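The listed protein sequences correspond, in order, to chains A and B. Position one of the first sequence corresponds to residue 53 (my numbering), numbered consecutively onward. Position one of the second sequence corresponds to residue 53 (my numbering), numbered consecutively onward.
Protein chains: 2
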Amino acid sequence: MNLRGTLPTLILEAIEREPNHGYSIAQRIKKRSRGVLDFKEGTLYPALHKLENEGLVTSYEGAEKGRPRRYYRITEAGLAVLANDRAEWRKVSGAVNLILGEA
Amino acid sequence: MNLRGTLPTLILEAIEREPNHGYSIAQRIKKRSRGVLDFKEGTLYPALHKLENEGLVTSYEGAEKGRPRRYYRITEAGLAVLANDRAEWRKVSGAVNLILGEA
DNA sequence: ATCCTATGCATAGGAATGCGAGGTATTCGA
DNA sequence: TCGAATACCTCGCATTCCTATGCATAGGAT
Numbered sequence: 053m054n055l056r057g058t059l060p061t062l063i064l065e066a067i068e069r070e071p072n073h074g075y076s077i078a079q080r081i082k083k084r085s086r087g088v089l090d091f092k093e094g095t096l097y098p099a100l101h102k103l104e105n106e107g108l109v110t111s112y113e114g115a116e117k118g119r120p121r122r123y124y125r126i127t128e129a130g131l132a133v134l135a136n137d138r139a140e141w142r143k144v145s146g147a148v149n150l151i152l153g154e155a
Numbered sequence: 053m054n055l056r057g058t059l060p061t062l063i064l065e066a067i068e069r070e071p072n073h074g075y076s077i078a079q080r081i082k083k084r085s086r087g088v089l090d091f092k093e094g095t096l097y098p099a100l101h102k103l104e105n106e107g108l109v110t111s112y113e114g115a116e117k118g119r120p121r122r123y124y125r126i127t128e129a130g131l132a133v134l135a136n137d138r139a140e141w142r143k144v145s146g147a148v149n150l151i152l153g154e155a
């Protein structure tokens, strides 16, 4: 199960400190959420393309050994959006908690 | 702003103790979330109809003074789904918090 | 050697969710 | 008397996500 709308934020968080490539970003989200969050490839790649299109990330071809990978790096604009998204998440999830009980 | 997917749960919560009608349910969600959550009518009414269709709520015409209102009452099945949804919300929002920082 | 699994990227089709805009009608206070 | 709040409804659109599918490489098991 996934929370709709949180994926872009989770992607930005995954490359906040250093660039990473799609497949690894998905693994990271799954592991860090202890298996709860599990976005599929058909969701992840379009989301990455959209973020790039919006200028929140840039990408480059990782010429590593053999298999080609596309690495994504967060931009200044992306960092700003991430900060904003974090605040937004706290606000909205807090609001749901107000109603569903348990703070 | 709203969290996609949480509306059915919030509706069920709003009629957990006593029946209520659509317009009032929307007001209640907005007030209890301190204005953060604000689902529109074009979202709310179809959601109510869907819940009824699924047997999670039943409805009846409130023959109150003048204006006709449709009241919704939660069913046994609805109560079970609500309990499940609450647990699901805690699990998934907790997972997002694990990643976005702050527990 | 061959095959399965994991890695790695991508697109297409469809379902679900929510919003805005539009429509109808009543009630109540300024 | 007239506008705002109440109260219900539907349609079209955008966004988000999933499933399925396709392609290709690498590494381990048989």
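Backbone N, C-alpha and C define an ideal beta-carbon position, used for all residues, glycine too. Only a predicted model underlies this, so the values are computations on that prediction, with no experimental measurement involved.
Which runs of the alpha helix (DSSP H) spanning at least 4 residues fall entirely within the region 74 to 128 of chain B, listed in chain order? Within the region 74 to 128 of chain B, the complete alpha helix (DSSP H) runs of at least 4 residues are 74 to 84 and 93 to 105.
For residue 134 of chain B versus residue 64 of chain B, is the C-beta spacing smaller than 8 Å? As a position in the second sequence, residue 134 of chain B is number 82, starting the count at 1. As a position in the second sequence, residue 64 of chain B is number 12, starting the count at 1. Yes.
For residue 82 of chain A, I'd like the list of residues in its chain whose CB is within less than 7 Å of its CB, leaving aside the five on either flank, ordered along the chain. Locating residue 82 of chain A in the first sequence gives position 30, where the first residue counts as 1. Only 89 and 90 meet the Cβ criterion.
Within a Cβ cutoff of 7 Å, which residues of the same chain sit near residue 113 of chain A, ignoring the five residues on either side of it in sequence? Taking the first residue of the first sequence as position 1, residue 113 of chain A is located at position 61. Excluding residues within five positions, the ones whose Cβ falls inside 7 Å are 120 and 122.
Going straight from the alpha carbon of residue 202 of chain B to that of residue 127 of chain B, what length do you get? Since the displayed chain B opens at 53 and closes at 155, residue 202 of chain B lies outside it and no answer follows.
Counting only beta-carbon separations shorter than 8 Å, does residue 145 of chain A have a partner in chain B? The residue you call residue 145 of chain A lines up with position 93 of the first sequence. True, the Cβ-Cβ gap to chain B drops below 8 Å.
Which residues, taken in chain order from the region 82 to 99 of chain B, show a beta carbon closer than 8 Å to some beta carbon of chain A? Using a CB distance below 8 Å, the part of the region 82 to 99 of chain B facing chain A consists of 84, 85, 86, 88 and 89, ordered along the chain.
Could one say the Cβ of residue 130 of chain B lies closer than 8 Å to chain A's Cβ atoms, at least one of them? To locate residue 130 of chain B, count along the second sequence from 1; it is residue 78. For residue 130 of chain B, not one C-beta of chain A is nearer than 8 Å to its own C-beta.
Please classify residue 136 of chain B as buried or exposed, where buried requires at least 16 neighbouring CB atoms within 10 angstroms. Your numbering for residue 136 of chain B matches position 84 in the second sequence. Around the CB of residue 136 of chain B, fewer than 16 other CB atoms lie within 10 Å, so the residue is classed as exposed.
Please state whether DSSP places residue 54 of chain A in a helix, a strand or coil. On the first sequence, residue 54 of chain A is found 2 positions in, with the first residue counted as 1. Here residue 54 of chain A sits in coil by DSSP.
DSSP bridge partner residues for residue 72 of chain A (one or two, in chain order): The residue labelled residue 72 of chain A in the question sits at position 20 within the first sequence. Per DSSP, the beta-bridge partners of residue 72 of chain A are A:124.
Within 10 angstroms of its Cβ, does residue 147 of chain A collect 16 or more other Cβ (buried), or is it exposed? Within the first sequence, residue 147 of chain A is the residue found at index 95, counting from 1. It is buried - the Cβ of residue 147 of chain A has at least 16 other Cβ atoms within 10 Å.
Where residue 56 of chain A meets chain B, residues with beta-carbon distance less than 7 Å: Along the first sequence, read from residue 1 onward, the residue named residue 56 of chain A stands at position 4. For residue 56 of chain A, the residues of chain B that pass the 7 Å Cβ criterion are 56 and 57, in the order they occur in the chain.
From residue 62 of chain A to residue 68 of chain A, what does the alpha carbon distance come to, in whole angstroms? Residue 62 of chain A sits at position 10 when you count from the first residue of the first sequence. Residue 68 of chain A sits at position 16 when you count from the first residue of the first sequence. Roughly 10 Å separates the two Cα atoms.
Taking the Cβ atom as the reference point for each residue, do residue 59 of chain B and residue 99 of chain B lie within a distance shorter than 8 Å? The sequence position of residue 59 of chain B within the second sequence is 7, counting from 1. The sequence position of residue 99 of chain B within the second sequence is 47, counting from 1. In this structure, residue 99 of chain B lies closer than 8 Å to residue 59 of chain B by Cβ.
Member of A:78, A:71, A:79 and A:76 whose CA lies at the smallest distance from the CA of residue 109 of chain A: To locate residue 109 of chain A, count along the first sequence from 1; it is residue 57. The candidate whose alpha carbon is nearest that of residue 109 of chain A is A:71.
Nearest neighbour of residue 93 of chain B, chosen from B:125, B:153, B:151 and B:75 [CA to CA]: As a working mapping, residue 93 of chain B is identified with position 41 in the second sequence. Distance check between residue 93 of chain B and each of B:125, B:153, B:151 and B:75 places B:75 closest, using alpha-carbon atoms only.
Thinking residue 77 of chain B and residue 85 of chain A are a contact (beta carbons under 8 Å), I'd like their distance in whole angstroms, please. For the purposes of this step, residue 77 of chain B is taken as residue 25 along the second sequence, with counting starting at 1. For the purposes of this step, residue 85 of chain A is taken as residue 33 along the first sequence, with counting starting at 1. Contact flag wrong, Cβ pair sits at about 31 Å.
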